[in-house]
Amino acid sequence: MFMYFFPIFLIVTSNVIYNVCQKSTPQSANPFSALLVTYLTAAVLTLIAFPFYKTDKSFYQSFSDLNWTSYALGAAIMGLELGYLLAYRVGWNISVGSLVANIILAIMLIPIGILFYKEGFAVNQIIGVVFCLVGLILINK
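Counting from 27, one number per residue, gives the positions in the sequence shown under our numbering.
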């Protein structure tokens with residue numbers, strides 16, 4: 027049960043820290059300098075954590091299973107980081123900017139889940155989407 031809920035806890039906790047840090051990055055800081063330090067920190071932490079994930083492959087062999095997705099994910103993460111940093115710099119509130127972005131993201135992922143991953147979509151989920159859209163309208167008024 028712990029391993030079922032732990033990833034969600036980690037995501038939520040990390041997202042709170044992420045958004046507070048993005049909102050608190052000095053306005054005068056070059057966004058690309060901030061990104062560089064961010065990714066260097068992530069790289070160092072990843073190298074430190076690497077030995078704790080047990081596998082039958084060595085460090086160098088583990089790279090043989092990778093494909094284009096790691097490069098695309100790196101580009102997407104950079105866009106995500108830059109987008110949030112710029113959104114907060116132009117005045118989005120921390121309580122609203124992330125909410126708006128995540129609601130839109132969730133709605134955009136619905137057809138992807140249905141078409142590419144054969145996920146179902148029930149009537150109660152359609153009602154949930156309608157509530158999300160109404161919420162987006164209300165929160166931005």
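Using N, Cα and C, we set each Cβ at its ideal position, and we do this for glycine too.
| Check | Outcome |
| --- | --- |
| Inter-stretch contact (C-beta, 8 angstroms, three-pair minimum) for the stretch 105-118 and the stretch 42-49 | yes |
| Beta-carbon gap between residue 165 and residue 126 smaller than 8 angstroms | yes |
| contact_flag[the stretch 126-142, the stretch 71-85] where n(CB pairs < 8 angstroms) is 3 or more | no |
| Supposed contact pair residue 129 and residue 161 - C-beta distance, whole angstroms, cut 8 angstroms | 7 angstroms |
| Cutoff 6 angstroms; reference residue 118; Cβ partners in own chain excluding five residues on either side | none |
| 8 angstroms Cβ cutoff met for residue 88 and residue 81 | yes |
| Residue 65 versus 31, 106 and 154, residue with shortest Cα-Cα distance | 106 |
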